[in-house]
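The sequence shown begins at 1 in full-length UniProt numbering and counts up by one. Encoded as structure tokens, the structure appears first; notes follow it.
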Amino acid sequence: SAVCTTGRFLYSRLIRLNHCGGLSVAGPNWKSAVTQSPPSQSCPLPGELSQQGKATLVCLANRGFPSDWALRWKVDGADVSSGVAGSAGVLGQDGLYSWSSSLTLSADAWKKAESLTCEATQGSQSTPSQTLRRDQCSE
């Protein structure tokens with residue numbers, strides 16, 4: 001029973017997420033190190049795997065500060081850069097920033113993956129992350 005809150009997503013009109021694998025959390029509020037919370041992450045869209053032979057995951061982080069945060073991906077604990085597309089921080093009217101990143105995997109890579117992690121980073125600072133297990137997503 002997945003719960004989706006597409007209103008929280010920065011690019012919801014473009015991505016049109018309609019399945020979130022039950023992982024729906026408020027975005028980070030990074031005014032200080034002690035108030036960090038994980039980014040949110042979504043499962044691939046239903047039917048994408050069977051129709052297009054790929055799986056695209058989206059990670060979003062909202063209401064962060066300062067602007068030099070970045071989102072990075074790990075598959076089964078290993079850093080990945082292939083298939084990753086992300087945005088620089090977008091300044092909102094409240095003076096805080098939002099970020100998005102997507103990871104596209106082939107159908108084969110998706111079926112082999114056990115866990116997919118999106119991590120918010122700033123330099124070498126250790127930060128919260130959000131991990132999605134493949135079995136939480138419908139195919």
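Beta carbons: idealized from backbone N, C-alpha and C, even for Gly.
Kindly indicate which residue of the options has the alpha-carbon position closest to the one of residue i.
| i | options | result |
| --- | --- | --- |
| Gly-89 | Val-75, Ser-100, Asp-79 and Ser-115 | Ser-100 |
| Gln-52 | Gln-136, Cys-59 and Ser-106 | Ser-106 |
| Ala-70 | Cys-118, Leu-57, Trp-110 and Gly-95 | Cys-118 |
Grouping DSSP H, G and I as helix and E and B as strand, with all else coil, what is residue i?
| i | result |
| --- | --- |
| Ser-73 | Reading off the sequence shown, one finds Trp at residue 73, where the question assumed Ser. The answer is strand: DSSP assigns Trp-73 an E or B state. |
| Ala-113 | coil |
| Leu-88 | Reading off the sequence shown, one finds Ala at residue 88, where the question assumed Leu. In this structure, Ala-88 counts as coil in the three-state DSSP scheme. |
| Ser-124 | coil |
| Asp-108 | helix |
| Gln-52 | helix |
Exposed or buried, residue i, counting other C-beta atoms within 10 Å across all chains shown (16 or more means buried)?
| i | result |
| --- | --- |
| Gly-22 | Note that Gly-22 scores 27 on pLDDT, short of 50, meaning its location in the model is unreliable and no value can be drawn from it. |
| Trp-30 | Low confidence applies to Trp-30: its pLDDT is 31, below 50, so where it sits in the model is not reliable, and the reading given next is rough at best. By the 10 Å Cβ count, Trp-30 comes out buried. |
| Pro-44 | buried |
For residue i, which residues does DSSP report across the bridge?
| i | result |
| --- | --- |
| Arg-133 | Ser-115 |
| Ser-42 | Val-58 |
| Gly-64 | Tyr-97 |
At what residues does the beta strand (DSSP E) containing residue i begin and finish?
| i | result |
| --- | --- |
| Asp-79 | 78 to 80 |
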